[in-house]
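What follows is a single structure, written as structure tokens, with notes after it.
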Amino acid sequence: MACRDSRHFRSSLAKFGCKRYQESMNPTRLSDVVRSGSFIVLALLAARASADDPLVDVTRKIAAETTTNGKAYANLRELTTIGPRLSGSEGAAKAVEWGKRKLESCGCDRVVLQPTMVPHWTRGDVERAAVTSTPQPVALKVTALGPSVGTSKEGVEAGVVEVHGLDEVEKLGKAVAGKIVFYNRPMTAGGRSSYGSYGKTVDQRYRGASVAAREGAVAVLVRSMTSLPDDDNPHTGMLKYETGVPMIPAAALSTHSANELSKLLKSDPKLKVNLKLSCAQHPEVSSFNVIGELTGRDLPQEYVLVGGHLDSWDLATGAHDDGTGVVQSIEVVRALKALGMRPRRTIRVVLFMAEEFGGMGAEEYARQAKAKGEKHFAAIESDSGGFAPIGFGVSGTDQQVAAVKRFAPYLGLFHADSIEKGGGGTDIAPLRPQGAITIGYRPESAHYFDFHHSARDRIDAVKIEELQGGAAAMTTLAYLLAEKGL
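Its first residue numbered 0, the sequence shown is counted upward by one per residue in numbering that gives the first Met the number 0.
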């Protein structure tokens with residue numbers, strides 16, 4: 000289980016009058032709740048209030064299994080030990096084999112590798128930028144955006160034009176020709192959720208290179224997509240080159256370097272920057288989605304999908320993005336198998352490949368599902384990090400959303416009872432036109448973009464009790480959908 004904070008969790012226990020908690024709990028550490036078994040006491044006490052409802056007993060059992068016997072964190076450690084998993088890389092290939100072995104060891108009734116073609120891009124070992132027109136060069140922290148083209152060995156050297164949006168570039172027109180366009184619109188802190196701010200700024204990363212290239216720019220620098228105001232870790236991510244527009248080099252600046260460059264431009268608008276990148280694009284290669292199933296007892300041809308994406312960016316080991324989603328999805332079938340709970344519909348785990356490069360694995364999965372006439376009743380994706388649960392976002396009709404909301408009381412134990420309209424994820428979105436209800440797992444995201452696509456996205460940024468809470472919530476909702484329908 001994950002709580003909003005340890006104080007909230009302790010007050011919940013106190014409200015239920017848990018003597019064991021009062022006598023043995025270290026009040027300063029939430030992880031001690033898990034180790035002491037107080038979580039299980041809370042589950043039992045919560046169940047006592049509705050002992051006549053068998054689904055409360057299901058929730059209690061899932062809570063106990065994912066906490067006392069949970070493998071999510073241990074699996075995340077194994078996965079991140081493989082290293083970065085950029086699509087087309089050796090790390091991605093190792094992750095596919097790991098995912099297959101892990102689903103087999105969970106006792107899935109069927110495990111298959113589904114072939115898919117994926118992009119192959121390499122970062123190279125040169126990523127440097129510096130202001131060269133000052134008495135002493137000023138180094139800037141940069142990282143290439145994927146799938147950026149590289150520069151010559153000498154790099155691209157030019158004057159810099161600072162802008163705060165794509166529309167500014169279009170208004171400047173040919174005034175940016177021969178220049179490096181510097182996109183410096185910041186993300187703002189977003190309270191419990193940072194996705195609104197991310198959505199308002201990510202266009203400069205995704206479309207910025209082609210918008211600038213249309214006006215003759217020679218390269219772009221983009222302020223990193225993080226709300227950390229003075230971080231020296233650049234955050235990478237995907238850009239999209241438009242057909243028929245020159246492909247120019249593109250790199251993300253750390254927010255610290257973006258602040259420094261902006262300050263230097265104010266004192267010298269004619270300064271020059273030299274950018275060197277050795278990244279390169281390569282032909283597509285073959286890879287796989289990894290699929291495991293717990294066959295339904297009555298409606299085996301109807302699927303409730305749970306999934307995350309197996310690939311990750313290459314600056315770290317992809318712990319939050321999306322190692323947590325992968326291991327939470329695996330935990331769904333592992334826990335249900337261990338508990339002997341086989342719902343009416345089939346629960347299918349899909350570990351998608353190449354989400355970070357446009358979702359090619361997801362598109363292939365949906366294409367094959369349509370060709371086979373497979374009926375996806377619902378699909379749940381975890382791709383928002385492994386932080387404390389809030390709930391789920393549901394894309395469907397008003398009636399479908401309302402029907403999912405009736406499961407909220409069973410998710411309250413994990414503080415995952417906020418069910419809102421609108422949600423899903425990149426990898427399950429292609430199933431929506433085929434009639435699937437698409438559901439996105441929603442954890443707290445106030446700090447997600449502190450780590451997202453950067454060298455900070457490592458396992459030490461993930462808390463075991465929060466990861467387990469998300470796994471328990473996903474397992475509960477997946478079981479309820481597969482067993483009860485809507």
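Cβ coordinates follow ideal geometry from the N, Cα and C atoms, glycine included. For clarity, every value in this text was computed on a predicted model and none was experimentally measured.
With C-beta atoms as the reference, is H490 less than 8 Å away from F450?
Look at the range of the chain in this structure, 0 to 485, and you will see that residue 490 is not part of it.
What does DSSP give as the partner residues of F450 in its beta bridges?
Note: F450 sits in no beta bridge, so no partner.
Three-state secondary structure assigned by DSSP to A251:
In the three-state reduction of the DSSP assignment, A251 falls in the strand class.
In angstroms with no decimal places, state the Cα-to-Cα distance between A249 and T80.
Distance between the alpha carbons of A249 and T80: 29 Å.
Can you pull the DSSP bridge partners for P442?
In the DSSP assignment, the residues bridged to P442 are P388.
Assuming G158 and K178 are in contact, meaning their beta carbons sit under 8 Å apart, how far apart are those beta carbons, in whole angstroms?
By a beta-carbon distance limit of 8 Å, G158 contacts K178. Their separation comes to about 5 Å.
If you draw a straight line from the C-alpha of L430 to the C-alpha of L304, how long is it?
Each residue's alpha carbon lies about 10 Å from the other.
Would you mind listing the alpha helix (DSSP H) stretches within the stretch 223-273 that are 4+ residues and don't spill past its ends, in chain order?
Runs of alpha helix (DSSP H) with 4 or more residues, each lying fully within the stretch 223-273, are found at 254-266, listed in chain order.
Buried or exposed: where does T254 fall if 16 or more other Cβ atoms within 10 Å of its Cβ makes it buried?
Buried is the call here.
Between the alpha carbons of A73 and V162, how many angstroms are there, rounded?
Answer to the nearest angstrom: the Cα atoms are 45 Å apart.
At 3 residues or longer, and completely inside the stretch 326-352: list those beta strand (DSSP E) runs for me, N to C.
Counting whole runs of 3 or more residues, the stretch 326-352 contains the beta strand (DSSP E) stretches 344-351.
How about A387 and T65: are their beta carbons less than 8 Å apart?
No, the Cβ-Cβ distance between A387 and T65 is not below 8 Å.
For my contact list, T475 and N288 are in at a C-beta cut-off of 8 Å; report their separation, rounded to the angstrom.
Wrong, their Cβ atoms sit about 25 Å apart, outside the cutoff.
Please confirm if the stretch 346-364 is in contact with the stretch 102-119, defined as three or more CB-CB distances below 8 Å between the two stretches.
A contact exists between the stretch 346-364 and the stretch 102-119.
S383 beta carbon less than 8 Å from that of N232:
The Cβ atoms of N232 and S383 do not sit closer than 8 Å to each other.
Should V349 be labelled buried (16 or more other beta-carbon atoms within 10 Å of its own) or exposed?
With 16 or more other Cβ atoms within 10 Å, it is buried.
Mind checking whether A91 and S286 have CB atoms under 8 Å apart?
A contact, by the Cβ cut-off of 8 Å.
According to the neighbour-count rule (16 or more other Cβ atoms, all chains shown, within 10 Å of its Cβ), is V111 buried or exposed?
With a threshold of 16 other beta carbon atoms within 10 Å, V111 falls short and is exposed.
Excluding the 5 residues flanking F413 on each side, which residues of the same chain have their C-beta closer than 6 Å to its C-beta?
Cβ-Cβ distances below 6 Å link F413 to M0, P388, G468, A471 and A472 in the same chain, with the five nearest sequence neighbours on each side left out; the list follows chain order.
Pull the bridge partners of L220 from the DSSP assignment, please.
Bridge pairing for L220: F181 and A250 [DSSP].
Can you give the beta carbon distance from Y182 to V219, rounded, assuming they're within the 8 Å contact cut?
Your pair Y182 and V219 checks out as a contact, with CB atoms roughly 7 Å apart and the cut at 8 Å.
Buried or exposed: where does R100 fall if 16 or more other Cβ atoms within 10 Å of its Cβ makes it buried?
Exposed, because fewer than 16 other Cβ atoms sit within 10 Å of the Cβ of R100.
T316: buried (16+ other C-beta within 10 angstroms of its C-beta) or exposed?
So T316 counts as buried.
Could you give the uninterrupted runs of the alpha helix (DSSP H) lying entirely in the stretch 48-77, keeping only those of 4 residues or more?
Assignment of alpha helix (DSSP H) within the stretch 48-77, counting only whole runs of 4 or more residues, yields 53-67 in chain order.
From this set, P53, S86 and A481, which residue's C-alpha is nearest P282's C-alpha?
The alpha carbon of P282 has as its nearest neighbour, out of P53, S86 and A481, the alpha carbon of S86.
Measure the C-alpha to C-alpha separation of V155 and G149 and round it to an integer number of angstroms.
Distance between the alpha carbons of V155 and G149 is about 10 Å.
On the DSSP letters alone, give me the boundaries of the alpha helix (DSSP H) that Q203 sits inside.
Bounds of the alpha helix (DSSP H) holding Q203 are D202 to Y205.
Can you say whether G339 is buried or exposed, counting buried as having 16 or more other CB atoms within 10 angstroms of its CB?
By the neighbour-count rule (16 or more Cβ atoms within 10 Å), G339 is not buried but exposed.
Buried versus exposed call for E103 [16 or more other C-beta atoms within 10 Å across all chains shown]
With fewer than 16 other Cβ atoms within 10 Å, it is exposed.
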